[in-house]
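K.L.:
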Amino acid sequence: AKFGVVIVLLKDKQVEVATFRTEAAYTDGRHPARVKFATAAEDANRRDFTINGMFYDPLQRKVLDYVNGQADLKKGLIRTIGKPVERFGEDYLRMLRAVRFSTQLGFAIEPQTLSAIRSNAKNITKISGERIAMELEAILVNPNRSVGVSLPANAASYNL
Numbered sequence: 001a002k003f004g005v006v007i008v009l010l011k012d013k014q015v016e017v018a019t020f021r022t023e024a025a026y027t028d029g030r031h032p033a034r035v036k037f038a039t040a041a042e043d044a045n046r047r048d049f050t051i052n053g054m055f056y057d058p059l060q061r062k063v064l065d066y067v068n069g070q071a072d073l074k075k076g077l078i079r080t081i082g083k084p085v086e087r088f089g090e091d092y093l094r095m096l097r098a099v100r101f102s103t104q105l106g107f108a109i110e111p112q113t114l115s116a117i118r119s120n121a122k123n124i125t126k127i128s129g130e131r132i133a134m135e136l137e138a139i140l141v142n143p144n145r146s147v148g149v150s151l152p153a154n155a156a157s158y159n160l
């Protein structure tokens, strides 16, 4: 498990179990230079969106939320953790992930996050075509795909 992630099979479900980690600088707009183990709070703050920055503690039976993910979940918002431009600069694929989550969950993209997608859209071309295709396929197979297709068009042309 290169990144400390193990898949556990429970009956007919797969559950990803991960160790808490932080990452060093992203040198290529997609992959961290180095990964090290960390606390739950540190791990949460390195993640992409607030709704992905929560953890469940099965022993205490409670959600650990260091990034206000529960509030955004209730509001139906996709919001980056930290500054959107910095978060997308770390990993350009996150812009398409925001669109995919918006499409799949029926959530709105928070205005500053959407603005950062607009200003960084040109960087999508730096991601491998295979990764882009995977995200686009997930958007296009969703019944709510018209939203997913219109979001990039409204944000900016990706010039793919």
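According to UniProt numbering, numbering within the sequence shown proceeds without interruption in unit steps and concludes at 160. Even for Gly, the Cβ is constructed at its ideal location relative to N, Cα and C.
What are the residues that DSSP puts in a beta bridge with Tyr56?
P.N.:
Val63, per the DSSP bridge assignment.
K.L.:
Given a cut-off of 8 Å on the beta-carbon distance, is the pair Val63 and Ile81 in contact?
P.N.:
Taking 8 Å as the Cβ cut-off, Val63 and Ile81 do not qualify as a contacting pair.
K.L.:
Could you give the DSSP three-state label for Phe88: helix, strand or coil?
P.N.:
Phe88 falls in the helix class under three-state DSSP.
K.L.:
Which residue from Leu96, Phe88 and Arg79 puts its Cα closest to that of Gly129?
P.N.:
For the residues Leu96, Phe88 and Arg79, the minimum Cα distance to Gly129 belongs to Leu96.
K.L.:
Please name the residue or residues paired with Gln14 in a DSSP beta bridge.
P.N.:
Gln14 is bridged to Leu9.
K.L.:
Using the Cα positions of Lys13 and Arg47, report the straight-line distance between them to the nearest angstrom.
P.N.:
Between Lys13 and Arg47, the C-alpha separation is close to 24 Å.
K.L.:
Could you tell me how far apart the beta carbons of Arg100 and Ile139 are, in whole angstroms, since I believe they sit closer than 8 Å?
P.N.:
About 5 Å; that satisfies the 8 Å criterion.
K.L.:
Which residues in the same chain have their Cβ closer than 8 Å to the Cβ of Tyr56, if we skip the five residues on either side of it in sequence?
P.N.:
The residues are Lys62, Val63 and Leu64.
K.L.:
Report the three-state DSSP secondary structure of Phe20 (helix, strand or coil).
P.N.:
In this structure, Phe20 counts as coil in the three-state DSSP scheme.
K.L.:
Quick check: what's the CA-CA separation for Gln60 versus Thr125?
P.N.:
So the alpha carbons of these two residues sit roughly 44 Å apart.
K.L.:
Could you please give me the residues that DSSP links to Ile139 through a beta bridge?
P.N.:
Ile139 pairs with nothing; no bridge assigned.
K.L.:
Quick one: does the C-beta of Leu114 sit closer than 7 Å to a heavy atom of the ligand MG?
P.N.:
This structure does not include the ligand MG; it has no bound ligands of any sort.
K.L.:
Could you tell me the distance, in whole angstroms, from the CA atom of Pro143 to the CA atom of Asn45?
P.N.:
Spanning the two alpha carbons is a distance of roughly 32 Å.
K.L.:
Should Arg118 be labelled buried (16 or more other beta-carbon atoms within 10 Å of its own) or exposed?
P.N.:
Label assigned to Arg118: exposed.
K.L.:
Just to check my reading of the structure: residue 165 and Asp72 have Cβ atoms closer than 8 Å, yes? What is that Cβ distance to the nearest angstrom?
P.N.:
As displayed, the chain neither begins before 1 nor continues past 160, which places residue 165 out of reach and without an answer.
K.L.:
Please name the residue or residues paired with Thr80 in a DSSP beta bridge.
P.N.:
Beta-bridge pairing links Thr80 to Phe49.
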